[in-house]
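Participant: Taking numbering that gives the first Met the number 0, the leading residue of the sequence shown gets 0, the next gets one more, and so forth. We put the beta carbon where it would ideally sit given N, CA and C, even for glycine.
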Amino acid sequence: MNEKYDFKDIEQRWQLRWDEEKTNKVTHEPGRPKYYVLEMFPYPSGRIHMGHVRNYSIGDVIARYKRMQGYNVLHPMGWDAFGLPAENAAMKRGIHPAAWTYDNIDYMRGQLKAMGLSYDWDRELATCRPEYYRWEQKLFLELLERGLIYRKETTVNWCDDCQTVLAREQVIDGTCWRCDQPVLPKTMHGWFFKITDYAEELLSDLDKLSGWPEKVVTMQRNWIGKSTGLACDFQVDGHDETITIFTTRPDTIHGVTFMSLAVEHPLLKTLTEGTPQQEAVERFVQETLIEKQRSSLDQEPDKKGVFTGRYCINPFTGDRVPIYAANFVLMEYGTGAVMAVPAHDQRDFEFAKTYDLPIKPVVQPKGDTLDPATMESASVDPGVLVASGDFTGTESEQAKVDIIAHAESQGFGKSHVTYRLRDWGISRQRYWGAPIPVVHCEHCGIVPVPENELPVVLPGTNEASGNHSPLHQQEEFIATTCPSCGKPARRETDTMDTFVESSWYFARYTSPRNEDGPVDKEAAKYWLGVDQYIGGVEHAILHLLYARFFTKLLRDLGYLEVDEPFINLLTQGMVIKDGTKMSKSKGNVVDPSDLIEQYGADTVRLFSLFAAPPERDLEWNAQGVEGASRFLNRVYRMVVQNLACFEAEASVDTATLNDASRALHRKTHQTIARVTDSIETNFHFNTAISGVMELVNQAGSSAGDGVDQAVYRETLETILTLLFPMVPHFCEELWTLSGHKEQLHFSSWPSFDAEAAKEDELTIVVQVNGKVRSKLQVTPSIGDDQLKELALNDEKVIKFMDGKEPKKVIVVKKKLVNIVI
Ligand code: ANZ
Ligand code: ZN
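1. Would you call the region 418 to 426 and the region 444 to 457 touching, i.e. three or more CB-CB distances under 8 angstroms?
2. Are the beta-carbon atoms of F81 and G432 separated by less than 9 angstroms?
3. Within the same chain, show all residues whose beta-carbon is closer than 6 angstroms to that of T570, passing over the 5 residues directly before and after it, in chain order.
4. Going by DSSP, what residue range makes up the alpha helix (DSSP H) through H538?
5. Using the C-alpha atoms, what's the distance from E394 back to P381?
6. Quick one: grab the DSSP three-state call for S378.
7. Going by DSSP, what residue range makes up the alpha helix (DSSP H) through N71?
8. Would the beta-carbon of E491 fall within 9 angstroms of that of P434?
9. So what does DSSP say about C161, is it helix, strand or coil?
10. Would you report the Cα separation of V638 and D759, rounded to the nearest angstrom?
11. Taking the alpha helix (DSSP H) that S408 belongs to, which residues open and close that run?
12. Could you tell me whether the region 615 to 629 touches the region 669 to 681, using the rule of 3 or more Cβ pairs below 8 angstroms?
13. Write down every uninterrupted run of the alpha helix (DSSP H) in the region 183 to 217 whose length is 4 residues or greater and which is fully enclosed by it, in chain order.
14. Residue ranges of each alpha helix (DSSP H) run of no fewer than 4 residues wholly in the region 551 to 599, ordered along the chain?
15. Let's see if you can read the secondary structure: which residues bound the alpha helix (DSSP H) around Q136?
16. Rounded to the nearest angstrom, what separates Y881 and P487 at their Cα positions?
17. Could you spell out where the alpha helix (DSSP H) holding R46 opens and where it closes?
18. By alpha-carbon positions, which one of D590, D367 and S408 ends up nearest to L229?
19. Measure from the alpha carbon of V155 to the alpha carbon of each residue in G146, Y545, A687 and E331, then state which is nearest.
20. Rank F315, L527 and F348 by C-alpha distance to the C-alpha of G388 and give the top, closest one.
21. Could you give the C-beta distance for L568 and N685, rounded to a whole number, given that I count them as a contact under 8 angstroms?
22. I'd like the span of the alpha helix (DSSP H) that includes S689, first residue to last.
23. Rounding to the nearest angstrom, what Cα-Cα distance links Y4 and Y635 in this structure?
24. Flag this pair as yes or no: are the beta carbons of N313 and V320 separated by less than 9 angstroms?
25. Can you list, in chain order, the residues of its chain whose CB lies under 8 angstroms from that of L147, leaving out five sequence neighbours each side?
26. How many Å lie between T274 and V305 at the Cα?
27. Quick check: what's the CA-CA separation for Q110 versus R16?
28. DSSP on V280, reduced to helix/strand/coil?
29. With the cut-off set at 9 angstroms, would you say G872 and E141 are in Cβ contact?
30. Write down the C-beta distance between T714 and L663 rounded to the nearest angstrom, noting that I regard them as a contact closer than 8 angstroms.
31. Using beta-carbon positions only, say whether H405 and S378 come within less than 9 angstroms of one another.
32. Go ahead and label S468 buried or exposed: buried means 16 or more other beta carbons lie within 10 angstroms of its beta carbon, across all protein chains shown.
33. Measure how close the beta-carbons of L37 and F548 come, nearest whole angstrom, since I'm counting them as under 8 angstroms.
34. Run the CB neighbour count on T271, radius 10 Å, all protein chains shown included, and call it buried at 16 or more, exposed below.
35. Can you tell me which of the three DSSP states E152 falls into?
36. Drop a sphere of 10 angstroms on the beta-carbon of C484, count the other beta-carbons inside from all chains shown, and report buried for 16 or more, exposed for fewer.
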């Protein structure tokens, strides 16, 4: 028998066998309980990194654990394969993005297989394949028809370096999320998904996500950013226009001293046309627009504005207040017009100070009198209304309600809800993405590509030398005929944001080869939602929000029956080295392939699972890998040196056990309980593994104590079964070596015997001056000091000691304590 743990040979053999026998293949089996575990699919960047290793090891343990519990487990893998890096790499290396991508996929698939991950590889998908994106194009057309997609001219966030439009979420502190270059505004036509139609449901359904980390739910809630308040019309004095403002503080409406409009507000032109102010306003608008381009988008500018020469009338007070154009009012939020209340809003306060406008307090906080002459900042606290006509004396919360009701009854305002969430701009002017399937016709306008002509295939992907310049530069692609009138027409040249592909891939996995639609409804119904989704917290907003949105779209199109895609979400921590995130740019990466080569996949898996609980950051530690390797070697030796025990009975006869056997039997069942519990509590594999380590220690140290062979067999089998989800090749190999015919893969998770796990109790006699005064029930492992302590605190003993100090306490192991007074 080979006593050396030859991981290379073992891992290769088992991987080959799993592949050949399709051990991890699943089909949907109506009536059988299912479990869908999914790790966020990778971008095929070239090689896997330690973050992947961690993410996929966690997912794989869950998949294997749930399989052993009898679930029909779906555990798929694929590639988020469109996107910019492929184009950049293509440019740099003079190869086609498709060639680069498919090569990377092949290489990385090999790496994942070398990790022994239990994916059903028959379900593998790559989003850059026409078989995938043709369904995305079909969905696009269905949504277009339903008015959930539209095209409009907008100012977009443009990254000049990447030559592409960015979604708002892809702009981080005014710079591009990919290349860190400043983002500039640019006007162009683009396609939008009407995610705002779903804002309310996306918000309220957050309440269903009790299996998500609280912080992710909060981030989503803030991103959607719901505000409730009043939309109210202010008549322009001497003009038939009205300005509609949006406020979340209707209670302050009696304190309005001016009005602020966004520089993009359409009324600015109307109101100043032909007036002496026109020139000054136009100049200010131009300056502000340029300044907005230069400054980072998230940065608050200094409050600046210009008087329009016009006034409007506060419908509550009849006050005539000046109208300004102001640089801090956003056109995309609320109505693009703000009633300014400098006493209670800080931005308005600063503006009023700059332009010497009146400050009028109308909400008096408790125990405070606001004096406009001495106020140094706005007072934003609630309080009681003052100088507010009929509403004077009302608490601010109540006043909000009353004032909205009054505005509604008078017909000049109504309750209004605004969201921070914007529609999702999905147009990209890049090559390596899914083409948008419409045609522009001079006569017919925008015409959808007929379904039987889908997919609109990305040109040039078949030849490695194919043209991969952006589609608007490819005349052969553009030139087509109008599906409606047959005249020459031009194809749309935008491609879709890659976040579109990742918004529904989890649904496609349920029937990845379906030829009749994006999903097979029966399969989707059986498998969805995803029981456990696992990925990095960097996707807390974008990807998860879009995936939730798409789930609702697919439901409303009749493909899915669930409201939410991911029942439980685990956001795993980062992999850290030398105090910072392990990343190429930091130059501190450890290549998983090197580790696998040196130690084997099982050791690498074990290390990553043992070093930290999943939600926490994992600090890279070379000794940790060594430790994992030593542990596996030890278990290996322990099993091969004790193969004889597998000839013993498979069941333990507890009646005949000696102490050491009883103790090991007990420890085994305690370990089953502990490991199961650790996995059930937020997948704390680290404590699960230390539980097994303790059992291994005890098995090792009791080997010489004449341990019953059936007990020993039970212990070793338990160790292998409990470790199997974490180190599958290792355990399968030893399982086979020890004579089992069926693979561990098909075994059940062990159940524990509560009776066996119970600690034995000893009865200890306690004497005072040689006379028996009490009895104690204790566990056999109790130490002498603890036993003394217990005896001295026993009520009966205290009574007989009669307040005297003990002179001496004698402990006779496992029998008695004698207290001499
Ligand atoms: C009057 C007022 C008085 C306001 C007061 C606040 C405090 P949230 O809570 O983020 O939704 N506002 C409305 N539209 C705006 C726009 N397009 N650009 C910039 N600011 C805008 O913010 C709502 C508040 O932000 C609104 O309530 C409005 O100012 C301002 F003591 O109206 B408030
Ligand atoms: Zn036409």
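Facilitator: Straight from the coordinates:
1. no
2. Numbered from 1 along the sequence shown, position 82 holds the residue referred to as residue 81. Numbered from 1 along the sequence shown, position 433 holds the residue referred to as residue 432. Cβ atoms of F81 and G432: closer than 9 angstroms.
3. As a working note, residue 570 is residue 571 in the sequence shown. If we look at T570 and ignore the five residues flanking it on each side, its Cβ neighbours are P212 and V536.
4. Here residue 538 refers to the residue found at position 539 of the sequence shown. Counting along the chain, H538 falls outside any alpha helix (DSSP H), and DSSP gives it neither H nor E.
5. As a position in the sequence shown, residue 381 is number 382, starting the count at 1. As a position in the sequence shown, residue 394 is number 395, starting the count at 1. Answer to the nearest angstrom: the Cα atoms are 8 angstroms apart.
6. Reading the sequence shown from its first residue, position 379 is the one you call residue 378. Coil at S378, not helix or strand.
7. Position 72 of the sequence shown, counted from the start, is the residue given in the question as residue 71. Element bounds for N71: not the alpha helix (DSSP H) but the beta strand (DSSP E), N71 to L73.
8. Taking the first residue of the sequence shown as 1, we reach residue 491 at position 492. Taking the first residue of the sequence shown as 1, we reach residue 434 at position 435. The answer is yes: Cβ separation under 9 angstroms.
9. On the sequence shown, residue 161 is found 162 positions in, with the first residue counted as 1. Coil, per DSSP.
10. Position 639 of the sequence shown holds residue 638. Position 760 of the sequence shown holds residue 759. V638 and D759: Cα-Cα distance of roughly 28 angstroms.
11. To locate residue 408, count along the sequence shown from 1; it is residue 409. S395 to Q409 is the span of the alpha helix (DSSP H), which, as asked, contains S408.
12. no
13. 198 to 203
14. 591 to 598
15. Here residue 136 refers to the residue found at position 137 when the sequence shown is read from its first residue. Its alpha helix (DSSP H) spans residues P129 to E144.
16. The structure shown has nothing for residue 881, since the chain only spans 0 to 820.
17. Translated into the one-based positions of the sequence shown, residue 46 becomes position 47. It is not in any alpha helix (DSSP H) - R46 carries neither H nor E in the DSSP assignment.
18. Along the sequence shown, read from residue 1 onward, the residue named residue 229 stands at position 230. Closest by alpha carbon: S408.
19. As a first step, residue 155 is located in the sequence shown; it is residue number 156 there, counting from the start. Per the Cα distances, E331.
20. Within the sequence shown, the letter at position 389 stands for residue 388. Among F315, L527 and F348, the Cα nearest to that of G388 is on F315.
21. Counting from 1 along the sequence shown, the entry for residue 568 is found at position 569. Counting from 1 along the sequence shown, the entry for residue 685 is found at position 686. No, L568 and N685 are not in contact; Cβ-Cβ is about 20 angstroms, not under 8 angstroms.
22. Taking the sequence shown and counting its residues from 1, one reaches residue 689 at position 690. Start and end: F684 to S700.
23. Taking the first residue of the sequence shown as position 1, residue 4 is located at position 5. Taking the first residue of the sequence shown as position 1, residue 635 is located at position 636. Roughly 6 angstroms between the two C-alpha positions.
24. Within the sequence shown, the letter at position 314 stands for residue 313. Within the sequence shown, the letter at position 321 stands for residue 320. A contact, by the Cβ cut-off of 9 angstroms.
25. Indexing the sequence shown from 1 puts residue 147 at position 148. Excluding positions up to five away in sequence, the list reads F192, K193, D196 and L552.
26. In the sequence shown, counting from the first residue as 1, residue 274 sits at position 275. In the sequence shown, counting from the first residue as 1, residue 305 sits at position 306. So the alpha carbons of these two residues sit roughly 14 angstroms apart.
27. Looking up residue 110 in the sequence shown gives position 111. Looking up residue 16 in the sequence shown gives position 17. Answer to the nearest angstrom: the Cα atoms are 17 angstroms apart.
28. Counted from its first residue, the sequence shown places residue 280 at position 281. Helix.
29. Nothing in the structure corresponds to residue 872, since the chain is present only between 0 and 820.
30. If you number the sequence shown from 1, residue 714 lands on position 715. If you number the sequence shown from 1, residue 663 lands on position 664. Yes, they are in contact, since the Cβ atoms of T714 and L663 sit about 6 angstroms apart, within 8 angstroms.
31. One-based indexing of the sequence shown puts residue 405 at position 406. One-based indexing of the sequence shown puts residue 378 at position 379. No, they are not a contact pair.
32. Here residue 468 refers to the residue found at position 469 when the sequence shown is read from its first residue. Classification for S468: exposed.
33. Locating residue 37 in the sequence shown gives position 38, where the first residue counts as 1. Locating residue 548 in the sequence shown gives position 549, where the first residue counts as 1. L37 to F548, Cβ: 18 angstroms. No contact.
34. Looking up residue 271 in the sequence shown gives position 272. Buried: at least 16 other Cβ atoms inside 10 Å.
35. Residue mapping note: residue 152 aligns to position 153 of the sequence shown, counting from 1. Three-state DSSP puts E152 in a strand.
36. For the purposes of this step, residue 484 is identified with residue 485 of the sequence shown, where counting begins at 1. The residue is exposed, with fewer than 16 neighbouring Cβ atoms inside 10 Å.
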